[in-house]
Structures are given as C-alpha cells and as structure tokens.
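Colleague: Residue numbers (this note's numbering), protein chains in the order written: chain A, 170 to 268; chain B, 20 to 286; chain C, 30 to 312.
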Amino acid sequence: MQTLSFEFPAGQPPRGRALVGCVGSGDLEVLIEPGLAGKLTIQVQTSVNGSEQRWQHLFARMFDGQMPPALAIDIHDFGATPGVVRLRLEQGFEEIGHD
Amino acid sequence: MNSYSLRGLRWFEALSGNATPLEGLPASLKVADVTLGEQNVRLLAVVADPDSRFPRARNGEVGLLEGWGLAKAVDEAIDADRDAPHKRALIAIVDVPSQAYGRREEALGIHQALAGAADSYARARLAGHPVIGLLVGKAMSGAFLAHGYQANRLIALRDPGVMVHAMGKASAARVTLRSVEELEALAASVPPMAYDIDSFASLGLLWETLSVEQIEQPNAADLARVRDCLQQAINEVADAPRDLSSRLGATHRAASSTVRQLLRAQW
Amino acid sequence: MTDSAALLNKHSFVELGARQRAKALLDNGSFRELLDPFQRIMSPWLLRQGVVPQSDDGVVIAKGLLDGLPVVIAAIEGAFQGGSLGEVGGAKIAGALELAAEDNRKGIPTRAVLLLETGGVRLQEANLGLAAIAEIHSAIVDLRQYQPVIGVVAGSVGCFGGMSIAAGLCSYLLVTQEARLGLNGPQVIEQEAGIDEYDSRDRPFIWSLTGGEQRFATGLVDRYVADDVAQIREHVSQLLHLGVPAQHRSGQAEVFLQRLARLDTEVQIEPAAVRQLYQGERP
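Put into structure tokens, the structure is as follows:
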C-alpha cells in the first residue's frame, strides 16, 4: 500500500461535498470536499505500489486546459483502472455541481 | 493419547466435586449445580463426546446439540430462579477448540443453535444472573461466542494453551492469503491478531488472569485459587451494570469507546 | 445526488451499496447518517497492515423513519473487505443497538433493522472483531425485549461467522434468493472437513443447503422476498408492525433438540431431509 499526495492550481471552492464509490475490488472511494481557494489537493491511498506516475498523468490530463474548483480530494483505491478512477471523479464532480 | 483436550472436563470435575450432573442434556455437556461459599452456581462445560451422533462434533467442538443444549441448561436456570431474590451464578468453563464444521451442521442451522446459546446466556445476564466465563483452554470463534463470551466477567488461566481467537492459524492464513509464518509475525505486532492470552488481556476484555500450577489436572491449591477468584467476580457483578460495558476502556481498544461516544453525541 | 437518485430508480436491492440500501428503506427525506464518511472514523488497524481503509469502515448507521416508525438501520457494505467486521464497524453496530435499547427505556420506541452482508470477523482485527460481535449479540437480545430487531440478508455476500449468530438472534429475518445464511464459509468447511464433506466450489450444492429459498422452506427465516426495493421495503415494514414475537427463534431450544433427536445421522444429509425435519409449525 502507498500514500501519495498531489496538488494542482485551482479556482474558488464550491459549497458541496460528495462521496462516490467503495473500496471494493477494482474500485475506489472518492471523498470530495471544498478546499482552500486556489488549490486542489488530492491524497491517494492505493493498494497498488509504484503507481505514482500513473496517478499524476491521470490527474494532469483531467485538469488540463481548465481551471478546476478548489477541492480537497481523498481517494481510497483498491486497484481501480484509470477508466474507473476517471468515472468516479466525474461522478463526484457532477454531484458537487448539483448540490 | 486423546486428540481432544480434557481440561474443560477436569476443571468441571474439580469444581463440581460430588455434585450429580444434570440429566437430559447431550453427553457433550457437563452441567451441575453447586455452592461456592454462600452462592448457588451452575457450572457448564462443553466436553468431547467421541460417540456423538454428529461426527464433526466429537472433539469438544460446539455444534448443533451443544448450542441448543447449552441454551436449554441456561433456560432451566432462568426459569427456576425467576422469582428468586438471589439468582444462581452461571459459570461457563471454556475449553472449546472451535465450532463444528460440517455439512449437517450448516444444513441444520448451526448458526441458529449457537444463537440459542448466546441468547440464553445474554438473557440470564440481563435477568440478574452473574455470568462468569472461566477460560481454561481454547476459546475459539463461534464456539466462544456461544459459550462464555456473553459473561459479565471473563477470567483466564495464564497458560500457553489458553487462547482466544476468531480462526485457527491455518485457516486464517489461507483466508488472508498469508503463510502461517507471516501471520505469526504480524500477530506479534498487532495485539488483536495475537493468539496468546496476554495480548488478549491487553484489549481490556478480561477481568482477571490467574496462574495455576497444574492446568491439566488442577491440584487443591489451584482449585482454591480459582474458587476464590470466581467468588470475587460474582460479588463484584452483584452491584454492577448487567451489560458488557466493563470490557471497554483499554488503550488497545480506544476506538470502541470513541465510536460509542460519537454515536451518542450524534444520536 | 444524481448518482444515488439514478441507483434508487432501479429495482434491484442487491445491486445497491450499503448507504443506498439504507436510504431505499427509509421514508423520503428522513435519512440521517451518524458517523458519516466525512468524519473519517476509520479502522486504526488496517493501515498498519498495509490494507487500504474505507472512510466509514464498511458500516453505515442511519436514523430515520420507516413507514413513520422510528428506526435505526445498520447496513454493512459487502464490497469492502467482504463485509467483515473490525473494531470500528463492529462498535458502530453495537453502539447503535445499545442506544436504541436506551431509547426504549426512556420511552422512545426506536426499532432496529440490520442489513447483513458479511463474512463475519475481519481477520486483520481478529479479536476486536470477535469482541464487537459478542457485544452486538448482547445488544440485540437487550433491544429485543422492547422492539423487534429485523435482519435482512439480501445478497450477494450472504451472512456468515459470528454475524450469522446475530442473524439467528433477530426477531425476524428476511432473505432473497441471492442470500446465503450459515455459520461457516464454504472454503473453511472444506479446509477443516475435506472436500467430500463440503465442496466449496459446488455452488448449487451450497445454495441448496444454505440459500435463501432453503432457509425459508426450513423455517429458519421468516420472509422470502424477490430482489426488489419496493417489496423488501414493504415486508420490512410489515415485520416492524408485527412487534416483538411471542417467542424468538433462538429461544426454542427444546423444539430444535427434539427435531435433532429424530434425525437419522447414519446417512449424509440432503436439503429435503432438513425440510422434512423442520417443516410444520414455524417458530
């Protein structure tokens, strides 16, 4: 198991928070809460060791070309594929958008 | 050479003396009413019955007959003392290697039989019977849940053969995808995973641990020490809450208290 | 709440996670979670063993109304560590049941519904899981004096280990065809007793002995319901309205001992034999 931290430039924090997913096989749990203005922080606990580069690339691609809102994101990952990670994050962002 | 433990039987015999065991119960149950000082007590032990009709429950395992039989023996005491001002204490002598693993057991609902035993012990405690668990051997998993773990107070003899756990080492290793060696190494640093009684005591679940000289065949001094300890436990229970709250408070079990405090605050 | 709303519109209960199950049973807008995941009351034992924790430790405690009746629901998330109970998850269930009993002593008629998807004790927290399960047993027996405790085993994990004993203590049990209820997991039985005794890979065999339909046919559960949110909700409500049964299933030692005395143990058991032995008057 590995604990990883990431940080990206961001805009203003939203009001809502969201929880999606579950720490089940091939899945992950994502907790999204308002962060400090200007910063998007992500903490990942993953069962897959040596995956820092993959997470970095995945996040960088997701936030490329758009300024994300300021969020504090906690991820508990149990071996999810990049596709599942992306899906869960998008679900979480959508929930926040609707709250 | 027996493949099963005789500790439970020996301690039952020592504590019951000349009392006549109750009839009408499965042969794997030893139950007798005796007095301890001025206190009436019912002793209950699960012992090996090599001739059991249930082949998977011949070595002292808690199976269908044992679960329902314990329930019956405890229910009888509850009924008999329903209007008594001083209810007899129930002393579960615990030397149970496991629950019974078998096709008949699952098919006939061994979970329900063990629920029967846990139910009766818990109802007895709530009705005001002091319930004491005396651990003289193994206290494993479902077997312990059915026989002993509903006690107001748990007393364990200090001996390498006295152990509490959720699963035998071989099976636990297989289920957690580890080798037995890895499991043992982990258990050494994670108290709730350990098999020894001192690690278990560090979780705050025991009221007392006691050293004896001859655990397999108690001598007079051993018997006196254990009887004395049982009496103290019974006396202490008299004015104490009838729930299991006395098991909370150890530092190795801090989260169990924290969760309850938070639940209460948010209730 | 697009995600949850979409899931709730589906009919399958089994497909729902623990939190959605609790929401699906409670009256609209009455769901209130205690120790919610954002409070991050997580296992203190998993991380140090290199196991990724979950923010609610796999147990959802929710208060609310079910058909207007005050209830607390404890829902186990079967997808996280096989629904196994560790210190935190176990204490959440035990503590909630203890507070429900306390409510009743103060005149507040809180009932409890347990959504059970669990292999039993979490072996990484072994003795603390076992201790918590003993406390859950104690709390069910206590609360049952005042109000019914309903157990629901919907599937797909089933209910095993010490928590199958908790199920056996419930006032009423509801299962679906997907459910399995038994003390010992098939793998462990095979390991302990051999493949002739129990073939853990023979799914039809396992369901024929421990599946929901068989458990209902043998009177070891009270309701056998289709995997449908509305139907499960309706039956849980009916069971809550039945109140405390005159006698609990786990209080019928004499009945079961008499039945077991009639069993021919010279031959290995078949599902039909259990039905024959146990059928008749439902406990």
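The beta-carbon is built from N, C-alpha and C at its ideal position, and this holds for glycine as well. Remember, it's a predicted structure, so these values are computed and weren't measured experimentally.
#1: Nearest by alpha-carbon distance to G241 of chain C: which of C:D256, C:D231, C:Y227, C:D228 is it?
#2: In chain C, which residues lie less than 9 Å from I129 of chain B when you measure between Cβ atoms?
#3: By a C-beta neighbour count over all protein chains shown, 10 Å radius and 16 as the cutoff for buried, is G252 of chain A buried or exposed?
#4: Within 10 angstroms of its Cβ, does Q243 of chain C collect 16 or more other Cβ (buried), or is it exposed?
#5: Starting from the beta carbon of V183 of chain B, find every residue of chain C whose beta carbon is closer than 7 Å, and list them in chain order.
#6: Quick one: what's L229 of chain B bridged to in DSSP?
#7: What does the alpha-carbon distance come out to for the pair V93 of chain B and P40 of chain B?
#8: Tell me the start and end of each unbroken alpha helix (DSSP H) in the segment 222-274 of chain C that is at least 4 residues and wholly inside, in chain order.
#9: I need the DSSP call for T277 of chain B, collapsed to helix, strand or coil.
#10: P66 of chain C versus chain A: which residues are under 9 Å apart at the beta carbon?
#11: Quick check on S194 of chain A: buried or exposed, where buried means 16 or more other Cβ atoms within 10 Å of its Cβ?
#12: Interface residues of chain A around G119 of chain C at Cβ under 7 Å?
#13: Helix, strand or coil for G88 of chain B? Go by DSSP, reduced to three states.
#14: Residues of chain A with a CB under 8 Å from the CB of Q83 of chain C: which are they?
#15: I'd like the span of the alpha helix (DSSP H) that includes S139 of chain B, first residue to last.
#16: Taking the alpha helix (DSSP H) that H166 of chain B belongs to, which residues open and close that run?
#17: Measuring alpha carbon to alpha carbon, tell me which residue in C:I298, C:Q305, C:T294 is nearest R72 of chain B.
#18: Count the CB pairs spanning the segment 266-274 of chain C and the segment 95-106 of chain C that are closer than 8 Å, and state whether there are at least three.
#19: Could you tell me which chain B residues have their CB closer than 7 Å to the CB of E106 of chain C, listed as they occur along the chain?
#20: Can you tell me which of A:K208, A:G190, A:T215 puts its alpha carbon nearest to the alpha carbon of E259 of chain A?
#21: Would you please verify whether the beta carbon of L172 of chain C is less than 8 Å from any beta carbon of chain B?
#22: Could you tell me if Q214 of chain A is buried or exposed, where buried requires 16 or more neighbouring beta carbons within 10 angstroms of its beta carbon?
#23: Give a yes or no on whether 8 Å exceeds the smallest Cβ distance from E310 of chain C to chain A.
#24: May I have the straight-line CA-CA distance separating P300 of chain C from R144 of chain B, to the nearest angstrom?
#25: Taking the CB atoms as reference points, tell me whether E219 of chain C and S229 of chain C lie closer together than 8 Å.
#26: Going by DSSP in three states, P289 of chain B sits in which element: helix, strand or coil?
#27: Residues of chain A with a CB under 8 Å from the CB of F109 of chain C: which are they?
#28: Using the Cα positions of F189 of chain C and N213 of chain C, report the straight-line distance between them to the nearest angstrom.
#29: Using only the alpha-carbon positions, how far apart do A47 of chain C and V258 of chain C sit?
#30: Nearest chain C C-beta to R125 of chain B closer than 8 Å, yes or no?
#31: Grouping DSSP H, G and I as helix and E and B as strand, with all else coil, what is Y307 of chain C?
#32: Should E176 of chain A be labelled buried (16 or more other beta-carbon atoms within 10 Å of its own) or exposed?
#33: May I have the straight-line CA-CA distance separating R257 of chain A from V192 of chain A, to the nearest angstrom?
#34: Is there contact between the segment 162-171 of chain C and the segment 127-135 of chain C, where contact requires at least three CB pairs shorter than 8 Å?
#35: Between V231 of chain B and the rest of its own chain, which residues show a CB-CB distance below 6 Å, the 5 nearest in sequence each way excluded?
#36: Mind reading off the beta-carbon distance from E146 of chain C to V101 of chain C? Whole number of angstroms is fine, and I expect it under 8 Å.
Modeller: For this structure:
#1: As a first step, residue 241 of chain C is located in the third sequence; it is residue number 212 there, counting from the start. Nearest C-alpha to G241 of chain C: C:D256.
#2: Counted from its first residue, the second sequence places residue 129 of chain B at position 110. S193, G211, L212, N213, listed in chain order.
#3: Taking the first sequence and counting its residues from 1, one reaches residue 252 of chain A at position 83. A residue is called buried once 16 or more other Cβ atoms fall within 10 Å of its Cβ, and G252 of chain A, having fewer, is exposed.
#4: Numbered from its first residue, the third sequence carries residue 243 of chain C at position 214. With 16 or more Cβ atoms within 10 Å of its Cβ, Q243 of chain C is classed as buried.
#5: As a first step, residue 183 of chain B must be located in the second sequence, where it is residue number 164. Result: N156.
#6: Taking the first residue of the second sequence as position 1, residue 229 of chain B is located at position 210. According to DSSP, which records beta bridges pairwise, L229 of chain B is partnered with B:L176.
#7: By one-based count along the second sequence, residue 93 of chain B stands at place 74. By one-based count along the second sequence, residue 40 of chain B stands at place 21. Cα to Cα, the separation comes out at about 14 Å.
#8: Counting whole runs of 4 or more residues, the segment 222-274 of chain C contains the alpha helix (DSSP H) stretches 232-239, 241-246, 258-271.
#9: Mapped onto the second sequence, residue 277 of chain B falls at position 258. For T277 of chain B, the secondary structure class from DSSP, reduced to helix, strand or coil, is helix.
#10: The residue labelled residue 66 of chain C in the question sits at position 37 within the third sequence. Neighbours of P66 of chain C on chain A, chain order: L188, E198, L200.
#11: Locating residue 194 of chain A in the first sequence gives position 25, counting from the first residue. With fewer than 16 Cβ atoms within 10 Å of its Cβ, S194 of chain A is classed as exposed.
#12: In the third sequence, the residue the question calls residue 119 of chain C occupies position 90. Within chain A, not a single residue places a beta-carbon under 7 Å from that of G119 of chain C; the smallest gap is close to 17 Å.
#13: As a working mapping, residue 88 of chain B is identified with position 69 in the second sequence. Helix at G88 of chain B.
#14: Here residue 83 of chain C refers to the residue found at position 54 when the third sequence is read from its first residue. Annotation: Cβ neighbours of Q83 of chain C in chain A (cutoff 8 Å, chain order): C191, V192, E198, H245.
#15: Numbered from 1 along the second sequence, position 120 holds the residue referred to as residue 139 of chain B. Segment 129-146, the alpha helix (DSSP H) holding S139 of chain B.
#16: On the second sequence, residue 166 of chain B is found 147 positions in, with the first residue counted as 1. Run containing H166 of chain B: none; DSSP gives neither H nor E here.
#17: Indexing the second sequence from 1 puts residue 72 of chain B at position 53. Considering only alpha carbons, the answer is C:T294.
#18: Short answer: they touch.
#19: Here residue 106 of chain C refers to the residue found at position 77 of the third sequence. Near E106 of chain C there are no residues of chain B at all, since even the closest Cβ is about 16 Å away, more than 7 Å.
#20: Here the question's residue 259 of chain A lines up with position 90 in the first sequence. Considering only alpha carbons, the answer is A:G190.
#21: As a first step, residue 172 of chain C must be located in the third sequence, where it is residue number 143. By this cut-off, L172 of chain C is not an interface position.
#22: Reading the first sequence from its first residue, position 45 is the one you call residue 214 of chain A. Buried.
#23: Residue 310 of chain C sits at position 281 when you count from the first residue of the third sequence. Here E310 of chain C scores only 48 on pLDDT, less than 50, and its place in the model should not be relied on; the value that follows carries that caveat. So no, E310 of chain C is outside the interface.
#24: Within the third sequence, residue 300 of chain C is the residue found at index 271, counting from 1. Within the second sequence, residue 144 of chain B is the residue found at index 125, counting from 1. Distance from the CA atom of P300 of chain C to the CA atom of R144 of chain B, rounded to whole angstroms, is 36 Å.
#25: As a working note, residue 219 of chain C is residue 190 in the third sequence. As a working note, residue 229 of chain C is residue 200 in the third sequence. Against a cut-off of 8 Å, the Cβ pair of S229 of chain C and E219 of chain C comes out as a contact.
#26: Shown here, chain B extends from 20 to 286; a query on residue 289 of chain B therefore has no answer.
#27: Position 80 of the third sequence holds residue 109 of chain C. Residues of chain A with a Cβ closer than 8 Å to the Cβ of F109 of chain C are, in chain order, C191, V192, G193.
#28: Numbered from 1 along the third sequence, position 160 holds the residue referred to as residue 189 of chain C. Numbered from 1 along the third sequence, position 184 holds the residue referred to as residue 213 of chain C. Roughly 6 Å separates the two Cα atoms.
#29: By one-based count along the third sequence, residue 47 of chain C stands at place 18. By one-based count along the third sequence, residue 258 of chain C stands at place 229. Rounded to the nearest angstrom, the two C-alpha atoms are 13 Å apart.
#30: On the second sequence, position 106 is the one that residue 125 of chain B refers to. Contrary to the premise, residue 125 of chain B reads as Glu rather than Arg in this sequence. At least one CB atom of chain C sits nearer than 8 Å to the CB of E125 of chain B.
#31: Against the third sequence, residue 307 of chain C aligns to sequence position 278. Three-state DSSP puts Y307 of chain C in a helix.
#32: If you number the first sequence from 1, residue 176 of chain A lands on position 7. E176 of chain A comes out exposed.
#33: Within the first sequence, numbered from 1, the residue matching residue 257 of chain A stands at position 88. Within the first sequence, numbered from 1, the residue matching residue 192 of chain A stands at position 23. So the alpha carbons of these two residues sit roughly 12 Å apart.
#34: Three or more Cβ pairs drawn from the segment 162-171 of chain C and the segment 127-135 of chain C lie within less than 8 Å of each other, which places the two stretches in contact.
#35: Taking the second sequence and counting its residues from 1, the one referred to as residue 231 of chain B is at position 212. Taken in chain order, the residues that qualify are L176, D241.
#36: Here the question's residue 146 of chain C lines up with position 117 in the third sequence. Here the question's residue 101 of chain C lines up with position 72 in the third sequence. Not confirmed; about 18 Å, so no contact.
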